[in-house]
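Every number in my numbering is 97 more than the matching position in the sequence shown, counting from 1.
Backbone N, C-alpha and C fix where the C-beta goes; we use that ideal spot for every residue, glycine too.
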Amino acid sequence: YRMLWLYRQGARTDPKADVERAFARLEYLLSREYRERRQGETPRAYLRSLGSVGLDSRAATVGRLYERAHYGAGIDPEEADEAVRTVNALVRERTPVVGRLFGRSS
């Protein structure tokens with residue numbers, strides 16, 4: 098079930114919820130590839146720490162969008178689409194077998 102959740106964003110509701118869900122998927126993906134986020138570690142600190150081991154810069158973009166959606170003034174639907182597309186691409190690239198099973202479309 099978890100791999101299906103990772104691969105599919107699910108129903109789109111509003112930009113904030115979409116970005117929060119996309120970030121949760123990204124965080125799970127990174128926990129499998131690198132490490133889990135530590136208790137009390139901010140999303141920014143988590144992504145920064147993974148940058149030292151070669152984290153894809155696209156993950157930082159999703160992190161910035163998440164911060165704006167969750168803590169800031171919010172984001173618009175186009176920015177939410179960018180976050181979802183980016184996480185979809187990262188998931189497909191890092192889970193090639195699942196990517197082939199579910200197809201390559203976003």
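* When Glu-190, Val-181, Glu-175 are compared against Ala-121, the one with the closest alpha-carbon -> For Ala-121, the nearest C-alpha among the options comes from Val-181.
* **Where Asp-115 falls: helix, strand or coil (DSSP)** => In the structure shown, Asp-115 sits in a helix (DSSP, three-state: H, G or I).
* How do the segment 184-194 and the segment 122-142 stand: do at least 3 beta-carbon pairs fall below 8 angstroms, yes or no? -> Contact between the segment 184-194 and the segment 122-142 is present, because at least three Cβ pairs lie under 8 angstroms.
* Roughly how many whole angstroms lie between the Cα atoms of Glu-179 and Leu-144? -> As the crow flies, the alpha-carbon of Glu-179 is around 18 angstroms from that of Leu-144.
* State the start and end residues of the unbroken alpha helix (DSSP H) segment that holds Ser-149. => For Ser-149, no alpha helix (DSSP H) run applies, since DSSP gives it neither H nor E.
* Asked: How big is the Cα-Cα spacing for Arg-165 and Gly-171?
  -> Cα-Cα distance, rounded: 5 angstroms.
* Express the C-alpha separation of Tyr-131 and Ala-114 in angstroms, rounding to a whole number. => The straight-line gap from Cα to Cα measures roughly 25 angstroms.
* Asked: If you draw a straight line from the C-alpha of Arg-191 to the C-alpha of Val-150, how long is it?
  -> Straight-line Cα distance between these residues: approximately 16 angstroms.
* Asked: Span of the alpha helix (DSSP H) holding Asp-178?
  -> Its alpha helix (DSSP H) spans residues 174-191.
* Asked: Below 8 angstroms between beta carbons: does that hold for Gly-169 and Arg-141?
  -> 8 angstroms or more divides the Cβ of Gly-169 from the Cβ of Arg-141.
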